[in-house]
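Scroll down for the structure; my scribbles are underneath it.
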Amino acid sequence: MRWVIASDHAGYPLKEEVKALLKARGVEATDLGAHDTQRTDYPDWGHRLGEAIARGDYDRGVLVCGTGIGISIAANRHAGCRAALCNEVFMARMARAHNDANVLALGARVVGPGVAEAILDAFLTTAFEGGRHGDRVKKIDPGR
Ligand code: RB5
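Residue 75 in this note's numbering sits at position 75 of the sequence shown, with consecutive numbering throughout.
Okay, structure coming up:
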C-alpha cells in the first residue's frame with residue numbers, strides 16, 4: 001500500500017504525530033505538506049491529496065485540518081477519492097467496512113493524539129466487506 005499524508009497549518013502538529021504512528025506500524029507515508037504552522041489554505045492540501053489518490057499515485061491517505069471538514073470536502077471533489085472524516089473509532093471502522101474509504105480525515109482541534117491513534121488503528125486494520133457495500137460504493141463514482 002502506498003500512503004500519502006497532508007494537512008494545513010492547523011493540522012500540522014497532528015499530521016506529524018500520525019506520520020510517526022504510521023512509521024511505527026511499518027508504513028512510510030509521502031508527506032505532501034504543510035511543513036510548518038504557517039497559515040495556509042486547507043483546500044489546496046485537500047485538492048493536492050485528492051488528485052494524487054484519483055490519479056492512482058497512492059492507495060491510502062490521511063488528511064488533517066482543524067476540524068477535518070474543509071480538507072475532506074476538497075479531497076472528495078476528486079472522483080475515486082473517498083475521504084471519511086472520523087471523530088471516533090466506530091466511524092473509522094464503518095468508513096472502511098462499508099464505504100471502502102481510502103482517505104482518513106482527522107480534525108486536530110477535535111480529537112487528541114490518543115483518540116487519533118485509536119481511529120488510525122481502526123482505519124488500518126478494518127477490511128472492506130464488499131458485497132452489497134461494493135455495489136453501493138460503485139454508485140458513488142459512476143463510470144469509474
Ligand atoms: C483553519 O483555521 C481552519 O478553518 C481549517 O483548519 C479547517 O478546520 C477547515 O475546515
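Virtual Cβ for every residue (Gly too), placed ideally from N, Cα, C. Just so it is clear, the structure is predicted and the values come from calculations on it, not from any experiment.
Decide if K19 is buried, meaning its Cβ has at least 16 other Cβ atoms within 10 Å, or exposed. buried
To the nearest angstrom, report how far apart L85 and L104 are at their CA atoms. 6 Å
Let me know if D36 comes out buried or exposed under the rule of 16 or more other beta-carbons within 10 Å of its beta-carbon. exposed
Local conformation of R60 per DSSP, three classes: strand
Does the count of Cβ pairs from the segment 121-129 and the segment 90-97 closer than 8 Å reach three? yes
Could you have a look at L148 and say whether DSSP puts it in helix, strand or coil? This structure cannot speak to residue 148, because the chain is shown only from 1 to 144.
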